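Residue 1 is where the sequence shown starts when you use full-length UniProt numbering, and the numbers rise one by one after that.
The beta carbon of each residue, even a glycine, is placed where N, CA and C say it ideally should be.
Remember, it's a predicted structure, so these values are computed and weren't measured experimentally.
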Amino acid sequence: MEPPVSSPEIGGRRTRYQIKTKSLSYSLPANSGSSIWNCNGFHQTPSRPILRDVSCEARPGELLAIVGPSGAEISGEILINGFHMDVSKFRRVSGYVSQEDTLFPLLTVKESLLYSARLRLGLKEFDSMALVHDLLKNLGLDHVAETRIGSQGGAGISGGEKRRVSIGIELVHNPSVLLLDEPTSGLDSVSALHIIGILKSMAVIQCKTIVLTIHQPGFRILELIDKLLLISGGIVRHQGSVEMLEKRLIDAGHYIPHHVNVLEFAMDSLPMSSLSSDHCSRNPQEQQQIKAKDNRILYPNSRCRETTILAERFFKNILRTRQLFTARMIQSAIVGLCLRHHLHERAQPASESRLLRLQPHLHSLLHN
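Next comes the structure, spelled out in structure tokens:
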């Protein structure tokens, strides 16, 4: 894989990325689980396969949802625009949103996005603010821009808004590929639909390649998903649209009640043999797109500037926790006094012993 090493340009024609896997297998190693005891003693549990010979494709402008087991030894090929994936370079043109929101609870929504933009892009203050304002508007967060994130169970923004902030932090460098781990997990149906709607709009309007994992999506969410990758027992059971999945179930003799979700019905009814996938034709010209002309790794900020930004964010968090800040100051003072007392006690006997050793010499000098 040879994508551009710099961040994609905002606006203008951007490189599109097609992700394809060939015979991908994934298994948990034997030493990752607990041991089993039998009459011969402890034995390690055998490796457990998660994926078995999976081949799939994610194309720009489409929303691909992976439905299957939640999760490591990996085998197989991952191709980006027909090239083998270079992980270090792929990270620069992609974004990953984890299932858990890892945000600073004492920062506001705008500050969270602003610090991410300053660290990743190295833009001037004015340009960073303009980018953040656009993100706030696109993600529907402008009404809570000055609200602190808040901790779980405390005052702050809602769970759906936190998830959108997490997505926004990964969007500041305008990635061409966005990977999300269960973005609707723990959200109500309205918030989940809002998240998927935003992702669908980004895929269509900005032609991003978006891949997400999801469990038990509702009817309205299924309508927004372009392709499903249904995995059961580590094997691909279906790859294609929801309509094709429904047609295959009907052709196989199944009756799907109107009130039943097609995907949930399929997960319970699909045969153990994998279905043939809906492979899309590839555009060879698109796969051989722009190679990187410069393979140097470029950083947006100098070490000094990045340290300054991180220190500013750190002290802002500390100063906003007055009780914690006061407690740490008192703790530092007490520790300092204790260390001073301990070192003074150790130094005093040592000085006395040195005087005792020097006493005969001083006595001889005085008498001579």
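Same chain, Cβ closer than 6 Å to residue i, neighbours up to 5 away in sequence not counted
i, result
"glutamine 18", "Arg59, Asn81"
"glycine 156", "Arg148, Ile149, Gly150"
"leucine 222", "Val242"
"serine 191", "Gly160"
"residue 435", "For the chain, the structure presents residues 1 to 368; residue 435 sits outside this window and is missing."
"asparagine 301", "Gly122"
"glutamate 111", "none"
Residues of its chain near residue i, where Cβ-Cβ distance is below 8 Å and the 5 sequence neighbours each way are ignored
i, result
"residue 369", "An answer regarding residue 369 cannot be provided, because it is not within the stretch 1 to 368 covered by the chain."
"glycine 12", "Only weak support is given to the placement of glycine 12: the predicted model assigns it a pLDDT of 48, under 50, and the question is left unresolved by the model."
"threonine 102", "Ser166"
"serine 128", "Leu114, Ala117, Arg118, Leu121"
For residue i, the residue or residues it bridges with in DSSP
i, result
"phenylalanine 83", "Ile80"
"glutamine 239", "Leu229"
"glycine 95", "Leu178"
"isoleucine 66", "Thr213, Leu229"
"arginine 118", "Note: arginine 118 sits in no beta bridge, so no partner."
"valine 54", "Leu24"
"threonine 15", "DSSP, once it has assigned bridges, lists no residue as partnering threonine 15."
"proline 49", "Ser27"
"arginine 248", "For arginine 248, which the question treats as bridged, DSSP gives no partner whatsoever."
"threonine 108", "Arg148"
Own chain partners of residue i with C-beta closer than 7 Å, once the 5 adjacent residues on each side are dropped
i, result
"glycine 61", "Ala203, Val204, Cys207"
"glycine 76", "Thr21, Lys22, Ser23, Leu24, Ser25"
Buried or exposed (CB count within 10 angstroms, at least 16 for buried), residue i
i, result
"histidine 341", "exposed"
"leucine 229", "buried"
"tyrosine 115", "buried"
"glycine 240", "buried"
"histidine 143", "exposed"
"glycine 194", "One point to set straight first is that residue 194 is histidine, not glycine, in the sequence displayed. Its Cβ being crowded by 16 or more others within 10 Å, histidine 194 is buried."
"proline 183", "buried"
"valine 335", "exposed"
"cysteine 338", "exposed"
"proline 284", "Unreliable placement is indicated for proline 284, whose pLDDT of 43 sits below 50; no coordinate value is reported for it."
"isoleucine 87", "Residue 87 is actually valine in this sequence, not isoleucine. Valine 87 comes out exposed."
"glycine 33", "With a pLDDT of only 49 at glycine 33, under the threshold of 50, the placement of this residue in the model should not be trusted, and no figure is reported."
"cysteine 304", "exposed"
"lysine 247", "exposed"
"glutamate 57", "buried"
In the region 161–186, which residue ranges form an unbroken beta strand (DSSP E) of at least 3 residues, counting only runs that do not cross its ends? 177–181
Flag this pair as touching only if the region 156–176 and the region 115–124 have three or more C-beta atom pairs under 8 Å; answer yes or no. yes
Would you call the region 211–226 and the region 260–268 touching, i.e. three or more CB-CB distances under 8 Å? yes
Is there contact between the region 83–98 and the region 179–189, where contact requires at least three CB pairs shorter than 8 Å? yes
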